[in-house]
Amino acid sequence: MSGPAAQTAPPGAASGDVAARAAAGFHAAYGEPPAGRWAAPGRANLIGEHTDYNDGFVLPFALTLRTVVAAAPQPGERWTVRSELSDEAVEFGADEVDEPGRVTGWAAYVAGVVWALREAGYAVPGARLAIASDVPVGSGLSSSAAIEAAVLAALVDLGGLDLPAEKQPRLAQRAENAYVGAPTGIMDQSAVIRCREGHALFLDCRTEAVEHIPFDLDAAGLAVLVIDSRAPHRHADGEYASRRAACERAASLLGVPALRDVPVADLDAALARLDDDEIRRRVRHVVTEDQRVLDTVDLLRAGRVREIGPLLTASHASMRDDFEITVPEIDTAVEAALAAGALGARMTGGGFGGCVLALVDADRSDTVAHAVAAAYADRGFPAPAHVTVLPAPGTTRLD
Ligand code: GLA
């Protein structure tokens, strides 16, 4: 991402570099070229926040910012990993992997994938890996899912494992939930693995059915600006878990398997059955957000891309007022983007920091980015970063 004064990078500009860095990192670490390279993108969620673990609907798209894993087999059940994030290689064998908690830090995402594959009964090949990434860490663009997906694709190919792409998200999610210990839903891994270039991924998180929805920004003369709020994550893990618990409690109070089962037409009746105002607001967010996803999909199917703006903005208001997962930096970025002419703007991802996306006329992208930077300066916040993005492909083998 570029700082406020810099030009936004053309989409895909960093891709060649990151792939070359992965190969160079592999060669430097292991003294030979890799057997192959696998790339997995970060993601932005166009709309549908905190709906995935409620069995609802989401509409993410993949970014041109990617994580690349260069890998080659090595004998035995041993895995050696280098990452640009660290000077030290991490090495582990089957014993360490089979005991969640023994491999920690960034390497836990790699060990978690090995663990989840082994737990599912796959004979995972020993491997050497080198990781390079352009997906910023801690910005809510799914850098962790990108590592999981790229490592998973590498191990599946190196071992000739029978694990088709549509089954990979659950396995990567299992690594994240049970090994790393983050109680996330299925959206990020699905987006990172299954997205298609030029499309957003309409995912039913209960059935895992997907529809690739054309999201042709260029044809509409539009751009999506992703603004990194640079807000420090404030208790994000605990707050995420508590939102999830509140939703599960609400579903149980309402006697439904998940909040997805509350139709928007029945929302008022459902809310009337709940005593706690906070729980009512959580429910209202999830139920209305599912409907906003469906409405967004309808507009995109009809080629009416410009008209999704108000839905994005309404989603933000719902996250701010009902789900209470935004922070002042994020709200400032959304307000400034809208005031500068964005057609719609919302926080994307789990919340409490991370990124805002704004749908803008392509020729107003810089104006909007600068307006956000100016609003930040006025409020005394550290300068935000921004990049314009186009919907990119999911996990791919590069060579
Ligand atoms: C994080 C989680 C996802 C999803 C979003 C909120 O990104 O990893 O599973 O719950 O938050 O929509």
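All you need for this note's numbering is the position in the sequence shown, starting with 1, plus 1039. C-beta: ideal position from N, C-alpha, C; glycine also.
Please indicate yes or no: does the CB of residue i lie closer than 7 Å to some heavy atom of ligand 1?
| i | result |
| --- | --- |
| Gly1342 | no |
| Tyr1218 | no |
| Tyr1148 | no |
| Asp1227 | yes |
| Asp1091 | yes |
| Thr1223 | yes |
| Thr1287 | Strictly speaking, residue 1287 in this sequence is Glu, with Thr absent from that position. No, ligand 1 has no heavy atom inside 7 Å of this Cβ. |
| Gly1165 | no |
| Gly1389 | yes |
| Glu1187 | no |
| Glu1278 | no |
| Glu1088 | yes |
Does residue i come out as helix, strand or coil in the three-state DSSP assignment?
| i | result |
| --- | --- |
| His1355 | helix |
| Thr1371 | helix |
| Leu1253 | According to the sequence provided, residue 1253 is Pro. The question's Leu does not apply to it. Three-state DSSP puts Pro1253 in a strand. |
| Ile1170 | strand |
| Ser1281 | helix |
| Gly1383 | strand |
| Phe1100 | strand |
| Leu1398 | strand |
| Pro1050 | Its pLDDT being 37, under 50, Pro1050 is placed unreliably in this model, and the value from its coordinates should be taken loosely. Coil. |
| His1089 | coil |
| Ile1364 | coil |
| Ala1204 | helix |
| Asp1267 | strand |
| Gly1348 | helix |
| Ala1128 | coil |
| Asp1243 | strand |
| Ala1289 | helix |
| Ser1181 | coil |
| Gly1147 | Rather than Gly, the amino acid found at residue 1147 in this sequence is Ala. In this structure, Ala1147 counts as helix in the three-state DSSP scheme. |
| Cys1388 | Checking the displayed sequence, the identity of residue 1388 turns out to be Gly instead of Cys. If DSSP states are grouped into helix, strand and coil, Gly1388 belongs with coil. |
With a CB to CB cut of under 6 Å and the five nearest residues on each side skipped, what residues in its chain are close to residue i?
| i | result |
| --- | --- |
| Ser1229 | Pro1208, Leu1242 |
| Asp1405 | none |
| Thr1387 | Ala1083, Asn1084, Cys1394, Leu1396 |
| Ala1079 | Thr1106, Ala1185, Ala1188, Ala1189, Val1231, Thr1434 |
| Pro1421 | Arg1269 |
| Ala1275 | Phe1391 |
| Ala1052 | Here the model assigns Ala1052 a pLDDT of 39, short of 50, so the residue's position is not dependable, and the following value carries that caveat. The answer is none, since no qualifying residue turns up. |
| Tyr1218 | Pro1139, Gly1151, Trp1154 |
Applying the 10 Å Cβ sphere with the 16-neighbour rule, what's the burial state of residue i?
| i | result |
| --- | --- |
| Arg1340 | exposed |
| Pro1222 | exposed |
| Glu1205 | exposed |
| Ala1280 | exposed |
| Asp1201 | exposed |
| Val1265 | buried |
| Glu1317 | exposed |
| Pro1072 | exposed |
| Asp1337 | exposed |
| Asp1126 | exposed |
| Ala1063 | exposed |
| Ser1182 | buried |
| Gly1179 | buried |
| Glu1138 | exposed |
| Ala1372 | buried |
| Asp1227 | buried |
| Asp1361 | buried |
| Ala1211 | buried |
| Ala1067 | exposed |
Quick one: residues in its chain with C-beta nearer than 7 Å to the C-beta of residue i, no 5 flanking neighbours on either side, listed in chain order?
| i | result |
| --- | --- |
| Gly1224 | Asp1091, Tyr1092, Cys1244 |
| Ala1401 | Gly1260, Leu1261, Ala1262 |
| Arg1312 | Leu1293 |
| Glu1088 | Glu1328, Ser1354, Met1358 |
| Val1428 | Pro1050, Ala1083, Leu1102, Thr1103, Val1263, Val1265 |
| Val1325 | His1089, Thr1090, Asn1093, Gly1095, Cys1286, Leu1298 |
| Arg1167 | Tyr1069, Ala1110, Ala1111, Gln1113, Thr1119 |
| Pro1164 | Pro1112, Leu1194, Leu1197, Gly1198 |
Which same chain residues end up closer than 8 Å to residue i when comparing Cβ atoms and leaving out the 5 residues on each side of it in sequence?
| i | result |
| --- | --- |
| Pro1271 | Gly1392 |
| Glu1135 | Arg1141, Val1142, Ala1150 |
| His1238 | Phe1100, His1251, Ile1252, Pro1253, Phe1254, Pro1430 |
| Gly1380 | Val1399, Asp1400, Arg1403, Thr1406, Val1407 |
| Ala1061 | Pro1073, Arg1076, Val1107, Val1108, Ala1109, Ala1169, Ile1170, Ala1171 |
| Glu1278 | Ile1364, Gly1390, Phe1391 |
Touching by the beta-carbon criterion (3+ pairs, under 8 Å), the region 1111-1120 and the region 1153-1166: yes
Touching by the beta-carbon criterion (3+ pairs, under 8 Å), the region 1371-1379 and the region 1410-1418: yes
Stretch-stretch touch, CB-based, cutoff 8 Å, three pairs: the region 1412-1431 with the region 1384-1392: no
Touching by the beta-carbon criterion (3+ pairs, under 8 Å), the region 1107-1114 and the region 1247-1257: no
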